[in-house]
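S.K.: The listed protein sequences correspond, in order, to chains A and B. Take the first sequence: its letter number 61 is residue 606 in the numbering used here, and every next letter is one higher. Take the second sequence: its letter number 170 is residue 1203 in the numbering used here, and every next letter is one higher.
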Amino acid sequence: MLRSAIRKRRQRLVTQLALLVALLLLAVTATAAEAPAPPVSPQLASDLQIDHELGALEDPVIIRHQLEPPPTWPGPRDAQPFDQEPRDAGRDFCLNQPC
Amino acid sequence: LRQIAKSCVAGFAALVLFGLVGAWVEAASAASIAAADFMASPAAEAFRRLDFEAALAGFQALLARYPDDPLILRYIGISNHRLGRYGAAREAFDAALAVDPDNLAVVFYRAITDYETGESDAAAAGFQRVVAGARGTDYANRAREFLAKLQPGNLSGERPGGARWDSFLQAGLQYDDNVDAAPDHDDSLRFTENATFEYKLVEEGGWRLRAGVTGFLSQHTKAQFESYDVQQFGGDLELSYATSIDGVPVIPALRYAYRRTLLDSGGFDSTHSATAQLDAAPFDGATTRLFYELDIAAFSADGARPSSTSRDGIIQHVGIKEFVELDGRDLMLTLGYAFALAEARGDNFDLRGHDVTLGLAIALPDDMRLDLSSGYGHKDYPDFDGPRERRTDRFRLGAALNIPIDDNLAVSLGFDQTFQDSNYSTLEFDRGIVTFMLGYRL
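(1) Write down the C-beta distance between Q611 (chain A) and E1178 (chain B) rounded to the nearest angstrom, noting that I regard them as a contact closer than 8 Å.
(2) Is it buried or exposed for H1253 (chain B), if we count other Cβ within 10 angstroms and need 16 for buried?
(3) For the beta strand (DSSP E) containing M1401 (chain B), list its first residue and its last residue.
(4) Tell me whether K1255 (chain B) is buried or exposed, calling it buried when 16 or more other Cβ atoms sit within 10 Å of its Cβ.
(5) Quick one, are the C-beta atoms of Y1119 (chain B) and I1466 (chain B) less than 8 Å apart?
(6) Tell me, which residues are paired with P1285 (chain B) by DSSP?
(7) Answer yes or no: does any C-beta atom of chain B fall closer than 8 Å to that of A563 (chain A)?
(8) List the whole-angstrom C-beta distance separating V1281 (chain B) from P1315 (chain B), where the pair is believed to meet the contact cut-off of C-beta under 8 Å.
(9) So which residues on chain B does Q611 (chain A) lean against when the C-beta distance must stay under 7 Å?
(10) When burial is assigned at 16 or more other CB atoms within 10 Å of the CB, is D1102 (chain B) buried or exposed?
(11) Span of the beta strand (DSSP E) holding Y1370 (chain B)?
(12) For L1089 (chain B), tell me which candidate among B:I1066, B:A1125, B:D1070 and B:S1065 has the shortest Cα-Cα distance.
(13) Is there at least one Cβ from chain B nearer than 8 Å to P614 (chain A)'s Cβ?
(14) Are the Cβ atoms of L589 (chain A) and T1170 (chain B) separated by less than 8 Å?
(15) When the Cα of P1134 (chain B) is compared with those of B:L1272, B:A1307, B:L1106 and B:E1191, which residue comes out closest?
(16) Taking only the alpha-carbon atoms, compute the straight-line gap between R1464 (chain B) and L1430 (chain B) and give it to the nearest angstrom.
(17) Terminal residues of the continuous alpha helix (DSSP H) containing Q1450 (chain B)?
(18) P605 (chain A) versus chain B: which residues are under 7 Å apart at the beta carbon?
(19) Taking only three categories from DSSP, how would you classify V585 (chain A)?
(20) Give me, in chain order, the residues of the same chain whose beta-carbon lies closer than 6 Å to that of S1200 (chain B); leave out the 5 immediate sequence neighbours on both sides.
(21) Please confirm whether any heavy atom of the ligand NAP lies closer than 7 Å to the CB of G1392 (chain B).
(22) Who are the Cβ neighbours of L1311 (chain B) in its own chain at under 6 Å, not counting the five residues just before and after it?
(23) Within the same chain, show all residues whose beta-carbon is closer than 6 Å to that of A1331 (chain B), passing over the 5 residues directly before and after it, in chain order.
This is how it looks when you write it as structure tokens:
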């Protein structure tokens, strides 16, 4: 009975995952359909080329912001506050052995 | 003859006029430096090799020849900024903008200086101008990243404005419908509190040495689950270096972390972790993270037969994460894979694990954000002391809404569902957790 319940739940999970993928595809399509950027002025293109050649955009402050990973809920540091390990491991620990 | 003489005089006058105009145009063009001359200057060469003092002196000498040139003034500003002289940087940027108010390159660097000195409103205004006016350029792409940081209620990552310290408090309620992750469900409501403090010990050039301490507590409202109340404390030290290799921005980092977890019933575990990590952005809008982590874990209890039941051991993780920005940073996709290998003192806990994660963060109106996440993990326990090898499959699905209240305060409302399948039925479970969290950055 439990297996059946888990199977049903898993089917629901697969459906939810499919929805997530569909959402993602929608987002990609929306991005692709976005209007192209207007042409860059010659002055700005020249400024950008100079900055690339001299490495002005390689300022550590800019690099750190560029590479900072996206926010992840709910913790501020790319992780949930607690990963629930003790509870899960406790059951493993007693499995098939006297605790 | 008179007609010919008139024509000659008119032609001469025209020649003189053209000559004067030509001389004026030449004089006017000499007031701004040609890009090729600028690039060939010793000052530019010094800037290229990161000798900003020499570059500054050279740019100032060039400015004497080309007064008020916005390009030279911009590089005087950037050089001063790289030397940490933010006041002088701002003066140079302002002088350039006085000559050329619509120069978006200058507006961009001026906004970075404002950001570094904590002038958040001025920085945001500058970055917004760049995003609107220089769409599709690296200026606009980088400006978006800073703007995301300045967004109200964005409490993730490092504190904006170049501050050395950062502290964060989080408190909330969780409803857990299966506290002990068992085949049968026992639910409970619990309070959780989380505090983090970080300090940058060294921040020089691209180098950064950062130290942090963190604490987490939880208390169940049902007395029967008090033994699951958690107290967790930890600290970490991280050395990183931001640079670029052949124009590709990279940040290699080394981190050491220690974590101690206590349950209400007593000690649980302590873990030392060493991590080597490399972040790189070979393509604009996509960041790749490669990591290797070595954990040394020691548990308080070893069980009745430590050669089988002890969980003490070494766990190695190696993996890759890909962060992709779609539509600026309004949509962010995360893909990850990690392999884990555990060599435990007890045979039951030797394991090989594979984890795949997929996440999507969607920007919503009013600075709200919806985070969707999912994951699949498979674990094999090849030396398991039982009638058959133990295997575990785990699915996870989560959704959360992040709502900013003000610049430093945000609310999160989320749901997280886990399903575990195993060839040992007692290890199968499903578990849902509803979370309400309040986060505050001091």
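For each residue, glycine too, the CB sits at the ideal point set by N, CA and C.
M.R.: From the atom records:
(1) What you label residue 611 (chain A) is simply residue 66 of the first sequence in a count that begins at 1. What you label residue 1178 (chain B) is simply residue 145 of the second sequence in a count that begins at 1. At roughly 6 Å, the Cβ-Cβ gap stays under 8 Å, so Q611 (chain A) and E1178 (chain B) are in contact.
(2) Working through the second sequence from its first residue, we reach residue 1253 (chain B) at position 220. Looking at its Cβ environment, which holds 16 or more other Cβ atoms inside 10 Å, H1253 (chain B) is buried.
(3) Taking the second sequence and counting its residues from 1, the one referred to as residue 1401 (chain B) is at position 368. No beta strand (DSSP E) holds M1401 (chain B); DSSP gives it neither H nor E.
(4) Within the second sequence, the letter at position 222 stands for residue 1255 (chain B). With fewer than 16 Cβ atoms within 10 Å of its Cβ, K1255 (chain B) is classed as exposed.
(5) Here residue 1119 (chain B) corresponds to residue number 86 of the second sequence, with the count starting at 1. Here residue 1466 (chain B) corresponds to residue number 433 of the second sequence, with the count starting at 1. No; because the gap between Cβ atoms is not below 8 Å, this pair is not in contact.
(6) Translated into positions along the second sequence, residue 1285 (chain B) becomes position 252. In DSSP, P1285 (chain B) forms a bridge with B:L1311.
(7) Translated into positions along the first sequence, residue 563 (chain A) becomes position 18. By this cut-off, A563 (chain A) is not an interface position.
(8) Looking up residue 1281 (chain B) in the second sequence gives position 248. Looking up residue 1315 (chain B) in the second sequence gives position 282. Yes, V1281 (chain B) and P1315 (chain B) are in contact; Cβ-Cβ is about 5 Å, under 8 Å.
(9) Taking the first sequence and counting its residues from 1, the one referred to as residue 611 (chain A) is at position 66. Neighbours of Q611 (chain A) on chain B, chain order: R1175, E1178, P1282 and A1314.
(10) Taking the first residue of the second sequence as position 1, residue 1102 (chain B) is located at position 69. When all chains shown are included, D1102 (chain B) counts as buried.
(11) Working through the second sequence from its first residue, we reach residue 1370 (chain B) at position 337. Run containing Y1370 (chain B): L1364 to A1377, per the beta strand (DSSP E) assignment.
(12) The residue given as residue 1089 (chain B) occupies position 56 in the second sequence. Considering only alpha carbons, the answer is B:A1125.
(13) For the purposes of this step, residue 614 (chain A) is taken as the residue at position 69 of the first sequence. With 8 Å as the cut-off, P614 (chain A) counts as an interface residue toward chain B.
(14) Indexing the first sequence from 1 puts residue 589 (chain A) at position 44. Indexing the second sequence from 1 puts residue 1170 (chain B) at position 137. Result yes, Cβ atoms of L589 (chain A) and T1170 (chain B) sit closer than 8 Å.
(15) On the second sequence, residue 1134 (chain B) is found 101 positions in, with the first residue counted as 1. Measuring from the Cα of P1134 (chain B), the nearest candidate turns out to be B:L1106.
(16) For this step, residue 1464 (chain B) is matched to residue 431 along the second sequence. For this step, residue 1430 (chain B) is matched to residue 397 along the second sequence. The alpha-carbon atoms of R1464 (chain B) and L1430 (chain B) are separated by roughly 11 Å.
(17) Here residue 1450 (chain B) refers to the residue found at position 417 of the second sequence. Not the alpha helix (DSSP H): Q1450 (chain B) falls in the beta strand (DSSP E), residues L1442 to S1455.
(18) In the first sequence, the residue the question calls residue 605 (chain A) occupies position 60. Neighbours of P605 (chain A) on chain B, chain order: G1238, G1239 and A1275.
(19) Looking up residue 585 (chain A) in the first sequence gives position 40. DSSP places V585 (chain A) in coil when its eight states are reduced to three.
(20) Counting from one through the second sequence, the residue named residue 1200 (chain B) turns up at place 167. Here the set comprises F1230 and L1475.
(21) The ligand NAP is not part of the structure shown, which contains no ligands of any sort.
(22) Position 278 of the second sequence, counted from the start, is the residue given in the question as residue 1311 (chain B). Only P1285 and L1323 meet the Cβ criterion.
(23) Counting from one through the second sequence, the residue named residue 1331 (chain B) turns up at place 298. Hits under 6 Å: S1303 and D1345.
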